[in-house]
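Just so we're aligned: the sequence shown equals residues 1 to 531 in the UniProt record's numbering.
Where is the CB? At the ideal position from N, CA and C, for every residue including glycine.
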Amino acid sequence: MSRRPPLSEPERAARSERRRRLWAAGACGVGLTLAQAPVFAWPLVFVAVPALVVLIFGRAERREAFGLGWAAGTGYFLTGLYWVAEAFLVDIVRHGWMAPFAIAGLGAGLGLFWGAAAWVARRTGGRGISAPVAFAAALTLAEFARAHALTGFPWGLTAYAFADSPVAQTAALFGPHMLGFLTVLLAGLPAVAWLAWPAPRPPLRAALAWACVPAAALSAAWVWGAERRSAPDAPAPDALQVRLVQPNAAQRAKWDPEEIPRIFARLRALSAPAEGEPAPDVVIWPETAVPWLLEREPEARALIAESAGGAPVLLGARRIVDGPDGRPGWRNALLALDAQGGIASAYDKRHLVPFGEYMPLHDWMAGIGLGPLVGENGGFAPGAGDPVLRIEGLPPFAAQICYETIFPHEMPGPGPDQRPDWIVQVTNDAWFGASSGPWQHFHQARMRAIEQGLPLVRAANTGVSAVIDARGRVVERLGLNAAGALQAALPPPLPPTPYARSGDLPWMAAPLLALLAAAGAARAGRRRRAG
Numbered sequence: 001m002s003r004r005p006p007l008s009e010p011e012r013a014a015r016s017e018r019r020r021r022l023w024a025a026g027a028c029g030v031g032l033t034l035a036q037a038p039v040f041a042w043p044l045v046f047v048a049v050p051a052l053v054v055l056i057f058g059r060a061e062r063r064e065a066f067g068l069g070w071a072a073g074t075g076y077f078l079t080g081l082y083w084v085a086e087a088f089l090v091d092i093v094r095h096g097w098m099a100p101f102a103i104a105g106l107g108a109g110l111g112l113f114w115g116a117a118a119w120v121a122r123r124t125g126g127r128g129i130s131a132p133v134a135f136a137a138a139l140t141l142a143e144f145a146r147a148h149a150l151t152g153f154p155w156g157l158t159a160y161a162f163a164d165s166p167v168a169q170t171a172a173l174f175g176p177h178m179l180g181f182l183t184v185l186l187a188g189l190p191a192v193a194w195l196a197w198p199a200p201r202p203p204l205r206a207a208l209a210w211a212c213v214p215a216a217a218l219s220a221a222w223v224w225g226a227e228r229r230s231a232p233d234a235p236a237p238d239a240l241q242v243r244l245v246q247p248n249a250a251q252r253a254k255w256d257p258e259e260i261p262r263i264f265a266r267l268r269a270l271s272a273p274a275e276g277e278p279a280p281d282v283v284i285w286p287e288t289a290v291p292w293l294l295e296r297e298p299e300a301r302a303l304i305a306e307s308a309g310g311a312p313v314l315l316g317a318r319r320i321v322d323g324p325d326g327r328p329g330w331r332n333a334l335l336a337l338d339a340q341g342g343i344a345s346a347y348d349k350r351h352l353v354p355f356g357e358y359m360p361l362h363d364w365m366a367g368i369g370l371g372p373l374v375g376e377n378g379g380f381a382p383g384a385g386d387p388v389l390r391i392e393g394l395p396p397f398a399a400q401i402c403y404e405t406i407f408p409h410e411m412p413g414p415g416p417d418q419r420p421d422w423i424v425q426v427t428n429d430a431w432f433g434a435s436s437g438p439w440q441h442f443h444q445a446r447m448r449a450i451e452q453g454l455p456l457v458r459a460a461n462t463g464v465s466a467v468i469d470a471r472g473r474v475v476e477r478l479g480l481n482a483a484g485a486l487q488a489a490l491p492p493p494l495p496p497t498p499y500a501r502s503g504d505l506p507w508m509a510a511p512l513l514a515l516l517a518a519a520g521a522a523r524a525g526r527r528r529r530a531g
């Protein structure tokens, strides 16, 4: 068997240089993670993005572009989604061994979107201004694809680096994808100084000149957003009094027969207003607040209604519903109970978590003999009803269960018959402990409020429960891993925002046109150099 000849010194140096570039790209991804919740070190965006543009369009060969983008994406998603491992540690004996494989697979798989973006950008852009334009456009289109492909997973969009800042207010104009496009485009402009200068180090003046553009744009967005965020939106004197209950039930305890009565008693006790508080107009419990099938438990429903003192109760619970084929199936639902404990309305979660709430390709896998591996019923089935519930005594609201709030494109439409007055999110983030996951989830909910111009209330089992106004401001909040209740007047809605009226599709023309413009500019530049 013949051996490969040893690498020459230049070949070894080139291989070492390629490895360093991959590690540097991965470090850029980690830097972008730190710009997200809960750290919010957003200035790192303006370091990591231009560095990544230089890596992709600089000395690296064209064929390296995909690997560099993949390394950056893998670094971003591995560190940004590490908390997914917490779910496997709830039952560590049975599922703990899966945690490293799940995180590695998730990070590397989602990194493919960034790899594809870098590949397209490098083949489209040149070494001048077309480089950051092509990269921003390609990454935005890749992130848009990530939000929709298969079942979609738009967690950790680049725009969310500004979720806790006034800049987030611009999402009311054009949504998170366009905000992400502008962020990456502006942050990448200083890379032009490095790419266009033939020497290893560009002059400081050129770099600072290019940096002035994103600095000016960021300042303008900050000032406009701060002005918008400071507008007074006081609740009306007769505004709805909303009471959110956070029982802080550990995931291990939720289904423990000995703990269930204690958790139920805690939920009921927290539903009653404290001395001096007004009576609530609605009480909201979190996702899967009780383990029973409440439709079959009238006594439990009566106790819940009694604890709310006559106010309707919104709570998450499981239920069994006949599907289109007539077969009964499990649903993850939000139930509305009236003052007598009757079920006034129900919403079944439509967008389920793959592998967490249902097993993709369950019927096919069961058909080839893998039924024991994927379970008997494949988990929950998706609902098909209207997410806007109309209940006597309450303004119409959009029901959102846990994961559904991460999808900006799935909010109700702006029409008078579609648009609700507020958003209700019930969630159980106990699976993810005290990690960054619940905080990321919370700040994405704030983005939905800004984008739609609607107040959002979220009841979370272990936190973060909050009342958020239509500009994304936190009116009241309960932190992580604390049992308690909060009560606040429901903030008023705003008129439909430009983004609520338009959605994403019209704005996606911008990165498409930018990609075409970058390709044209790069081609013209090559012709000039050739001529």
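Closest Cα partner of residue i within the set the options
| i | options | result |
| --- | --- | --- |
| residue 232 | 494, 32, 307 | 494 |
| residue 325 | 342, 274, 348, 381 | 381 |
| residue 444 | 307, 344, 176 | 176 |
| residue 317 | 311, 309, 304 | 304 |
| residue 31 | 527, 420, 51 | 51 |
| residue 218 | 34, 88, 46 | 46 |
| residue 238 | 33, 98, 488, 507 | 488 |
| residue 526 | 184, 128, 85, 40 | 128 |
| residue 421 | 432, 396, 379 | 396 |
| residue 82 | 133, 311, 100, 512 | 100 |
| residue 519 | 254, 293, 138, 441 | 138 |
| residue 298 | 255, 270, 342 | 342 |
| residue 405 | 451, 433, 415 | 451 |
| residue 109 | 90, 168, 136, 150 | 150 |
| residue 241 | 277, 259, 256 | 277 |
| residue 187 | 120, 49, 475, 521 | 49 |
Euclidean distance between Cα positions of residue i and residue j
| i | j | result |
| --- | --- | --- |
| residue 243 | residue 280 | 6 angstroms |
| residue 333 | residue 197 | 59 angstroms |
| residue 10 | residue 24 | 21 angstroms |
| residue 235 | residue 118 | 47 angstroms |
| residue 262 | residue 480 | 20 angstroms |
| residue 195 | residue 142 | 24 angstroms |
| residue 393 | residue 425 | 19 angstroms |
| residue 403 | residue 62 | 38 angstroms |
| residue 350 | residue 385 | 8 angstroms |
| residue 532 | residue 266 | This structure cannot settle anything about residue 532, because the visible part of the chain is limited to 1 through 531. |
| residue 314 | residue 448 | 20 angstroms |
| residue 18 | residue 513 | 32 angstroms |
| residue 292 | residue 466 | 26 angstroms |
| residue 427 | residue 210 | 44 angstroms |
| residue 490 | residue 456 | 9 angstroms |
| residue 310 | residue 482 | 26 angstroms |
| residue 3 | residue 26 | 33 angstroms |
| residue 146 | residue 412 | 21 angstroms |
| residue 90 | residue 189 | 45 angstroms |
| residue 327 | residue 171 | 42 angstroms |
| residue 357 | residue 319 | 14 angstroms |
Exposed unless 16 or more other CB atoms sit within 10 angstroms - verdict on residue i
| i | result |
| --- | --- |
| residue 122 | buried |
| residue 148 | exposed |
| residue 95 | exposed |
| residue 355 | exposed |
| residue 423 | buried |
| residue 408 | buried |
| residue 64 | buried |
| residue 469 | buried |
| residue 8 | exposed |
| residue 130 | buried |
| residue 416 | exposed |
CB of residue i within 8 angstroms of CB of residue j, strictly
| i | j | result |
| --- | --- | --- |
| residue 165 | residue 330 | no |
| residue 76 | residue 152 | no |
| residue 535 | residue 296 | Here the chain covers residues 1 to 531 and nothing more, so residue 535 does not appear. |
| residue 439 | residue 37 | yes |
| residue 34 | residue 44 | yes |
| residue 269 | residue 312 | no |
| residue 229 | residue 477 | no |
| residue 115 | residue 73 | yes |
| residue 159 | residue 515 | no |
| residue 506 | residue 419 | no |
| residue 245 | residue 485 | yes |
Take every Cβ of the segment 447-465, pair it with every Cβ of the segment 285-297, and state whether three or more of those distances are shorter than 8 angstroms.
yes
Do the segment 100-108 and the segment 42-60 touch if we need at least three Cβ pairs shorter than 8 angstroms?
no
Mind the definition here: the segment 86-100 touches the segment 58-72 only if three or more C-beta pairs lie below 8 angstroms; say whether that holds.
no
The segment 177-194 touching the segment 212-229, judged by at least three CB pairs closer than 8 angstroms:
yes
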